[in-house]
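Participant: My numbering puts the last residue of the sequence shown at 525; the count rises by one with no breaks.
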Amino acid sequence: MNAASFPLPGPLATLRAEPLWRRVDVLSDLHLSPALPRTVERLREHLAATPADAVFLLGDIFEAWIGDDVRWVPDSFEQQCMSLLRDAARRTRLFFMHGNRDFMLGPAMAYDAGLTVLDDPTRLEAFGRRWLLSHGDLLCVDDVGYQRARAVVRRPWVKALLLALPLSARRALARYLRGRSKANQQDPMQWADVDPQACRDWLKAAGCDVLIHGHTHRPADHDLGNGLRRVVLSDWDFDHAQRGDVLILDATGLRRDAPMRTEAVRDRLRH
255 MNAASFPLPG PLATLRAEPL WRRVDVLSDL HLSPALPRTV ERLREHLAAT PADAVFLLGD
315 IFEAWIGDDV RWVPDSFEQQ CMSLLRDAAR RTRLFFMHGN RDFMLGPAMA YDAGLTVLDD
375 PTRLEAFGRR WLLSHGDLLC VDDVGYQRAR AVVRRPWVKA LLLALPLSAR RALARYLRGR
435 SKANQQDPMQ WADVDPQACR DWLKAAGCDV LIHGHTHRPA DHDLGNGLRR VVLSDWDFDH
495 AQRGDVLILD ATGLRRDAPM RTEAVRDRLR H
């Protein structure tokens, strides 16, 4: 394919950092669920401890989000997560980009949780640079079947039909889709990575030199040539594999670190 094969999916959204911002945290693919209590707690700790002025959540924050109405089920996991995020939003700005697991998260949940929703992709202008942020699934262009399915399920009328289903039916559908996704991940023939040329085309069209994305669960820093760079976020799992990272953006550039612990807050107070 030639260099003009992969245009941006629509008009490019731009977010300019506020003048007093000194640090931005970027993370994705936490896949929060009741089965991962330590991972949920690690997010809570990081959001309480980080000195970041803004935290960007680039999709698949939840293992599955089946509709905003679930947040009001008494004592539900989703209600607990809403409270966790809302508490963090009182301390720092929270930005959210939809992933393939939580594309059903709507404006009601975003408002109640204190999330500002971002388009995919979004150009972030911060610390004298332009960073292109994406969940990453749109760049897996070789997975034609996935891209077609993605386009269908994100149509407003399809989402409305899904939301009309009882909660029990939506939960069952989410379990089925998770099972299919895990089966595909275990079969190398069914797995498509992001396309390097698509990344280059997006970066050039956006006027950026660094693309930050998740989705693939393959954390790495890729040189795309001609001064272009692709930085991939890790997924999180602190219940089994002890895996997860945060990308930190500031005036010095970009670096990768582990999520902060609440002990860091106590250390800062002591010193």
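For every residue, glycine included, the Cβ atom is placed at its ideal position computed from N, Cα and C.
Just how far apart, CA to CA, sit residue 526 and residue 328?
Facilitator: The requested residue 526 does not occur in the structure, where the chain is confined to residues 255 to 525.
Participant: Determine the DSSP secondary structure at residue 363, reduced to helix, strand or coil.
Facilitator: Residue 363 falls in the helix class under three-state DSSP.
Participant: Please report the straight-line C-alpha distance between residue 280 and residue 499, rounded to a whole angstrom.
Facilitator: The straight-line gap from Cα to Cα measures roughly 9 Å.
Participant: Checking 8 Å against the spacing of the C-beta atoms, do residue 262 and residue 460 come in under that value?
Facilitator: Their beta carbons are under 8 Å apart, which means residue 262 touches residue 460 by this criterion.
Participant: Rounded to the nearest angstrom, how far is the Cβ of residue 390 from that of residue 467, given a contact under 8 Å?
Facilitator: Yes, residue 390 and residue 467 are in contact; Cβ-Cβ is about 3 Å, under 8 Å.
Participant: Please report the distance separating the alpha-carbon of residue 310 from that of residue 370.
Facilitator: Roughly 9 Å separates the two Cα atoms.
Participant: Check whether the Cβ atoms of residue 277 and residue 504 sit closer than 8 Å, and answer yes or no.
Facilitator: Result yes, Cβ atoms of residue 277 and residue 504 sit closer than 8 Å.
Participant: Using only the alpha-carbon positions, how far apart do residue 463 and residue 480 sit?
Facilitator: Using only the alpha carbons, I get a separation of about 9 Å.
Participant: Which same chain residues end up closer than 8 Å to residue 487 when comparing Cβ atoms and leaving out the 5 residues on each side of it in sequence?
Facilitator: Excluding positions up to five away in sequence, the list reads 280, 281, 282, 283, 312, 466, 467, 468, 473, 499 and 501.
Participant: Between the beta-carbon of residue 496 and the beta-carbon of residue 259, is there less than 8 Å?
Facilitator: Cβ atoms of residue 496 and residue 259: not closer than 8 Å.
Participant: Any contact of the segment 417 to 427 with the segment 320 to 334, i.e. 3+ C-beta pairs under 8 Å?
Facilitator: Segments in contact, yes.
Participant: Does the beta-carbon of residue 402 have 16 or more other beta-carbons within 10 angstroms, so that it is buried, or is it exposed?
Facilitator: Residue 402 comes out exposed.
Participant: Are there 16 or more other CB atoms within 10 angstroms of the CB of residue 374, so buried, or fewer, so exposed?
Facilitator: It counts as buried.
Participant: Is it true that the CB of residue 271 sits closer than 8 Å to the CB of residue 372?
Facilitator: In this structure, residue 271 does not lie closer than 8 Å to residue 372 by Cβ.
Participant: Just mark residue 411 as buried or exposed, buried being the case when its beta carbon has 16 or more other beta carbons within 10 Å.
Facilitator: Flag for residue 411 reads exposed.
Participant: So residue 285 and residue 317 are in contact, right, with Cβ under 8 Å, and what is the actual spacing, rounded?
Facilitator: Right, the Cβ-Cβ distance comes to about 4 Å (below 8 Å), so this counts as a contact.
Participant: Quick check: is any heavy atom of the ligand SAH less than 7 Å from the C-beta of residue 464?
Facilitator: The ligand content of the structure shown is nil, which means the ligand SAH is not present either.
Participant: Determine the closest residue to residue 387 out of 294, 333 and 456, with distance taken between C-alpha atoms.
Facilitator: Cα-wise, what sits closest to residue 387 is 456.
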